[in-house]
Amino acid sequence: MMIKMMTRNALRHKLRTILTILGIAIAVGAFGLLRTVITSWYSAVEATANDRLIVRQKVSFIFPLPYSYREQLLKVPGVEGVTYFNWFQGVYKDKSEFFPRMATDPETVFDIYPEWIVTPEEKAAFQNDRSGCILGVDIAKKYGLKPGDVMNIEGDIYPGQWQFTVRGIYKPRSNAVDGTQMLFHWAYLDERMKTDMPGRAGNVGWYSVKIGNPDEAAAISEVIDGLFANSSAETKTETERAFNEGFIAAYSAIITAINTMAFMIIGIILLVLANTMIMSARERNTEYAVMKTLGFTGKHIFAVVSGESIFIAILGGLAGYGLTLFFVQAVATFVPKNMFPVFILSPVTITLEFVFALLIGLLSGVIPVYQSVKMKIVDGLRYSG
Amino acid sequence: MAGLVEIENVSKSYDKDAESVAVLDNITLSVPDGEFLALMGPSGSGKSTLLNLIAGIDRPSKGRVVVGGVDLGSLSETGLAKWRSTHVGFIFQFYNLMPVLTAFENVELPLHLTNLPKKKRSEHVARVLDIVGLGDRVKHYPNQLSGGQQQRVAIARAIVSDPTLLVADEPTGDLDRHSAEEIMTLLSRLNKELGKTIVMVTHDPHAAEKANVQRHLDKGTLS
């Protein structure tokens, strides 16, 4: 009977209830979208492997390391493989068309990064073509590129005109892995540097080191940094996660602002629903007084009033979840992949949406429940007529 | 022999703007079991306040209210609520039915406080709706019923848990003459045929005529 009363009460003023549910839905939807934006930024961190270390120049990431370090790194106990990258950048078609373009070692990169999946044929084709490149599936799809196509890129960090032939398309192992990168031969870059800018030849942006036991990450990092201490290019070695978190830290103010906004939206809708519930409860003071007269106690009134607000909030939460799915799908469809390489609604965000919807329902009922329970029967009955 | 309702030297006052307003002044009243008492008096005389005290929905400032041997002042709020659910049936001037519940569900409402199984509850509800002549309106919502019919549903709700005492606050105050007559006949039947003790507050002399006893309140004192 209590359930019947709370659901029928909730639908008593249909327009008010629909508008309230809509308000909650938009708030929950917006919360989900903002959280997904943040999750997207953290996706690079979440996608990291715990058996990979990043070795970079100690002073700054923008300074290179000698290629000769590779042999020494391979000899460090616990290290199972090494690959390396240079951030190439450049302009493809238009300056606004950004996606990561990196020079790497075609022989080792897919051993160290097994989450980038290529067929053996494509891998061999890539390895055998000095000017070949591999593209992430999302970026290939965006530009309509396929194996055999030629890409012309104007260099900026590495000036000049660069031509690449697409030799394969990698597929991310999961939807948490970035599918927007371009990889090409480090040797192709180094050859050009040797002739055009000899001072920049033989340099590597950073090394990616695969280790056998993730528990030894700190010890191996210490050994590596000790190896190059007091050299002209000292290193800073850290886990891939810590390395990626360093990038995210640069946006911490924006992330904090978005997070604050997301929670403020929840706070505002809490006040809106609380206001609605207070109005509804006040309108029903006589009914609650009659219930008390019949012998119903505070716990019954609590069940009817808070049950109604929870019912509305859960309907709003469900609609908000649907709205988030729609928003996320729309962003994933219409916003270029290179802006948010990984844009998926995480289980944590979904859980948070429903937890907050439930909390909104519970908290918004607190004041009306308190007022209704505390109300004297004779005062409640005066509302009638 | 003590009456079903014993009111001993009861006074009631309310605080209003730092002033104490006396509503009832040293009332003593005994209502024997099976009596149909009409409390009459002008507006503001304290009739409804006295009724509320008898029904255990308000407490006196002074004095004792004993119903069926139970001193209501000795009960906690929860104890009082439980007592009301089993011993008192209420009939209000404006019916006070739950608008979201059907006639059947409204009558069934007090039975949810008992341990009766659904089948038994349904039997009780059907029986009392027949008594009040609304066996064919079970699925109607209050807004689909006339004033007289709503009051009959309210009477069915009041008697469904078979209380010893019925209290009615202006039960015909919102009804036309014909409906009022029907309601008073029904209350009279409940008193005579089912032996219910009824305390009724009314302005209406015609309604009061149906009662066995009439008492008048004026300025908080009983005559």
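Chains as they are written, first to last, in my numbering: chain A, 1 to 385; chain B, 1 to 223. Cβ atoms here follow ideal geometry from the backbone N, Cα and C, with glycine treated the same way.
What is the DSSP secondary structure of residue i, counted as helix, strand or coil?
{"i": "Gln23(B)", "result": "Sequence check: residue 23(B) is Val here, not Gln. Val23(B) falls in the strand class under three-state DSSP."}
{"i": "Leu80(B)", "result": "helix"}
{"i": "Met151(A)", "result": "strand"}
{"i": "Gly173(A)", "result": "The question names Gly, but residue 173(A) in the sequence shown is Arg. The answer is coil: DSSP assigns Arg173(A) none of H, G, I, E or B."}
{"i": "Gly112(A)", "result": "In the sequence as displayed, the identity of residue 112(A) is Ile instead of Gly. If DSSP states are grouped into helix, strand and coil, Ile112(A) belongs with the helices."}
{"i": "Ile258(A)", "result": "helix"}
{"i": "Gly135(B)", "result": "coil"}
{"i": "Ser30(B)", "result": "strand"}
{"i": "Ala100(A)", "result": "The sequence given here places Pro at residue 100(A); Ala does not occur at that position. It is coil, neither helix nor strand."}
{"i": "Asp215(A)", "result": "helix"}
{"i": "Gly29(A)", "result": "helix"}
{"i": "Thr221(B)", "result": "strand"}
{"i": "Val342(A)", "result": "coil"}
{"i": "Val226(B)", "result": "With chain B running from 1 to 223 in the structure shown, residue 226(B) is simply not present."}
{"i": "Val70(B)", "result": "strand"}
{"i": "Gly165(A)", "result": "Going by the sequence as given, residue 165(A) is Thr instead of Gly. Note: Thr165(A) maps to strand in three-state DSSP."}
{"i": "Thr20(A)", "result": "helix"}
{"i": "Ala253(A)", "result": "helix"}
{"i": "Lys146(A)", "result": "coil"}
{"i": "Met2(A)", "result": "helix"}
{"i": "His140(B)", "result": "coil"}
{"i": "Phe228(A)", "result": "coil"}
{"i": "Val37(A)", "result": "helix"}
{"i": "Gly3(B)", "result": "coil"}
Which one or two residues does DSSP pair with residue i in a beta bridge?
{"i": "Lys12(B)", "result": "Leu24(B)"}
{"i": "Arg64(B)", "result": "Glu8(B)"}
{"i": "Met200(B)", "result": "Ala38(B) and Ala168(B)"}
{"i": "His13(A)", "result": "Bridge partners of His13(A): none, in fact."}
{"i": "Gly160(A)", "result": "Gly155(A)"}
{"i": "Val209(A)", "result": "Leu53(A) and Val82(A)"}
{"i": "Ile117(A)", "result": "Lys171(A)"}
{"i": "Glu396(A)", "result": "Not covered by the structure: residue 396(A). The range shown for chain A is 1 to 385."}
{"i": "Pro66(A)", "result": "Asn203(A)"}
{"i": "Asp94(A)", "result": "Tyr92(A)"}
{"i": "Gln214(B)", "result": "Ala38(B)"}
{"i": "Asp379(A)", "result": "DSSP output for Asp379(A) lists no bridge partner at all."}
In terms of residues, what are the limits of the beta strand (DSSP E) holding residue i?
{"i": "Asn402(A)", "result": "Lying outside 1 to 385, the shown extent of chain A, residue 402(A) is not represented and no answer is given."}
{"i": "Gln188(A)", "result": "The amino acid at residue 188(A) is misidentified as Gln; the sequence shows Tyr. First-last for Tyr188(A): Trp186 to Asp196, but that is the alpha helix (DSSP H), not the beta strand (DSSP E)."}
{"i": "Thr180(A)", "result": "Run containing Thr180(A): none; DSSP gives neither H nor E here."}
{"i": "Leu135(A)", "result": "Gly132 to Gly136"}
Would you kindly report the start and end of the unbroken alpha helix (DSSP H) that includes residue i?
{"i": "Gln72(A)", "result": "Tyr69 to Lys75"}
{"i": "Glu234(A)", "result": "No alpha helix (DSSP H) contains Glu234(A), which DSSP labels as neither H nor E."}
{"i": "Leu323(A)", "result": "Gly298 to Phe334"}
{"i": "Phe90(B)", "result": "First-last for Phe90(B): Val88 to Ile91, but that is the beta strand (DSSP E), not the alpha helix (DSSP H)."}
{"i": "Leu363(A)", "result": "Pro347 to Ser364"}
{"i": "Met184(B)", "result": "Arg177 to Glu193"}
{"i": "Leu226(B)", "result": "Not covered by the structure: residue 226(B). The range shown for chain B is 1 to 223."}
{"i": "Ile155(B)", "result": "Gly147 to Ile159"}
{"i": "Asn285(A)", "result": "Asn285 to Leu294"}
{"i": "Pro205(B)", "result": "Pro205 to Ala208"}
Does the region 156 to 172 of chain A touch the region 210 to 220 of chain A, meaning 3 or more C-beta pairs lie closer than 8 Å?
no
Would you check if the region 21 to 37 of chain A and the region 311 to 330 of chain A touch, i.e. whether three or more CB-CB distances between them fall below 8 Å?
yes
Between the region 107 to 133 of chain B and chain A, which residues of the former have CB atoms less than 8 Å from a CB of the latter, in chain order?
Glu108, Leu109, Pro110, His112 and Leu113
Touching by the beta-carbon criterion (3+ pairs, under 8 Å), the region 283 to 294 of chain A and the region 36 to 46 of chain A
no
Between the region 354 to 370 of chain A and the region 269 to 289 of chain A, are three or more C-beta pairs nearer than 8 Å?
yes
Contact between the region 26 to 43 of chain B and the region 370 to 379 of chain A (3+ Cβ pairs under 8 Å):
no
Interface positions of the region 367 to 378 of chain A facing chain B (Cβ-Cβ less than 8 Å), listed along the chain
Lys376, Ile377 and Val378
Using 8 Å as the cut-off, can you tell me whether the region 149 to 162 of chain B makes contact with the region 47 to 61 of chain B, which would need three or more C-beta pairs spanning the two stretches below that distance?
no
Tell me, please, whether the region 105 to 124 of chain A touches the region 191 to 200 of chain A by the rule of three or more beta-carbon pairs shorter than 8 Å.
no
With three or more beta-carbon pairs closer than 8 Å as the criterion, would you say the region 121 to 134 of chain B touches the region 308 to 319 of chain A?
no
Any contact of the region 61 to 79 of chain A with the region 225 to 239 of chain A, i.e. 3+ C-beta pairs under 8 Å?
yes
Decide if the region 16 to 26 of chain B is in contact with the region 324 to 334 of chain A; the criterion is three or more beta carbon pairs, one per stretch, under 8 Å apart.
no
Taking a Cβ distance cut-off of 7 Å, strictly less, list which residues of the region 172 to 205 of chain B are near chain A, in chain order.
none
Could you please tell me which residues of the region 44 to 67 of chain B, in chain order, have their CB closer than 7 Å to any CB of chain A?
Asn52, Ile57 and Asp58
For the 8 Å Cβ check, are there 3 or more pairs between the region 77 to 91 of chain A and the region 152 to 161 of chain A?
yes
Determine which residues of the region 296 to 310 of chain A have a Cβ less than 9 Å from any Cβ of chain B, and write them out in chain order.
Phe296, Thr297, Gly298 and His300
Contact between the region 24 to 34 of chain B and the region 6 to 16 of chain B is defined here as three or more beta-carbon pairs at a separation below 8 Å; is this criterion met?
yes
Select from the region 17 to 28 of chain B all residues with a C-beta closer than 7 Å to any C-beta belonging to chain A, and list them in chain order.
none
Does the region 15 to 23 of chain A come close enough to the region 250 to 264 of chain A that 3 or more CB-CB pairs lie under 8 Å?
no
Tell me which residues of the region 76 to 89 of chain B have at least one Cβ-Cβ distance to chain A shorter than 7 Å, keeping chain order.
Thr78, Ala81, Lys82, Arg84 and Ser85
With three or more beta-carbon pairs closer than 8 Å as the criterion, would you say the region 99 to 117 of chain B touches the region 1 to 9 of chain A?
yes
How about the region 87 to 103 of chain B and the region 160 to 168 of chain B: do they share at least three Cβ pairs that are nearer than 8 Å?
yes
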